[in-house]
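Here the numbering used here runs 19 ahead of the position in the sequence shown, where the first position is 1.
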Amino acid sequence: MSNDQITTFIDRHTNGWNRRDSAALCGDHAEGGVIVSPMFGRVEGRSQICGTYVALFGVFPDWQIRFDRPIVDGNRVAVSFSVTATQQGDFMGLEGTGKRCEFEGISLFELDAGLLILEERRFYDFTGLLTQLGVLRVRPPR
20 MSNDQITTFI DRHTNGWNRR DSAALCGDHA EGGVIVSPMF GRVEGRSQIC GTYVALFGVF
80 PDWQIRFDRP IVDGNRVAVS FSVTATQQGD FMGLEGTGKR CEFEGISLFE LDAGLLILEE
140 RRFYDFTGLL TQLGVLRVRP PR
């Protein structure tokens, strides 16, 4: 697979995110794919992965993501992202607050020959996200 093919895949994947199209996003994962993320832990299998997208967009119905240009090494891809979203649904025991959150992170992908995601690892400031939503409270620095 070429860098151009991978960039095209990332662009398509980004469009799925920003349309909040769970089916399209799910279709980007291999049947036995894996996602590891702070929000959902380790999720295995396409059907389980689909459930995470549905749940996420139920909580954050206006989710918007921007992926930067990917860094490609064979079938492995690193791409930084930034997200803005508003919490409308229940999240970690907290009813919808209407609070807007913003955070940045990175996703690491391993792709198969058909450009399906075998594994995705997401890294972002989950503590900062929880603080923005009011799940956690922090003291101001002294």
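By construction, the Cβ of each residue, glycine as well, lies at the ideal position given by its N, Cα and C atoms.
- Taking 8 Å as the cut-off, the beta carbon of V78 is found closer than this to the beta carbon of G108.
- Judged by pairs of C-beta atoms under 8 Å, the segment 20 to 28 does not touch the segment 51 to 58, as fewer than three such pairs exist.
- Note on geometry: alpha-carbon atoms of T103 and G133 lie some 30 Å from one another.
- Within the model, the alpha-carbon separation for L137 versus G52 is close to 5 Å.
- With the rule of 3 Cβ pairs closer than 8 Å, the segment 144 to 156 does not count as touching the segment 60 to 67.
- If you look at F128, you'll find it isn't in any alpha helix (DSSP H); it sits in the beta strand (DSSP E) that goes R119 to L130.
- In the assembly as shown, G35 is a buried residue. Its beta-carbon has 16 or more other beta-carbons within 10 Å.
- Excluding sequence positions up to five before and after F76, its CB lies within less than 7 Å of the CB of R39, S41 and W82, all in the same chain and listed in chain order.
- With a 10 Å radius around the Cβ and a threshold of 16 neighbouring Cβ atoms, D47 comes out buried.
- Straight across, the Cα-Cα distance linking N94 with F142 is about 19 Å.
- By alpha-carbon distance to F86, the top candidate from T146, E123, E139 and L135 is E123.
- Comparing alpha-carbon positions, the option among I125, F100 and T71 lying closest to L44 turns out to be T71.
- Spanning the alpha carbons of R31 and T105 requires a straight line of approximately 23 Å.
- 8 Å or more divides the Cβ of N37 from the Cβ of I90.
- Setting aside the 5 residues that flank it on each side, I29 is surrounded in the same chain by F86, P89, V96 and V98, each with a C-beta closer than 8 Å to its C-beta; the list follows chain order.
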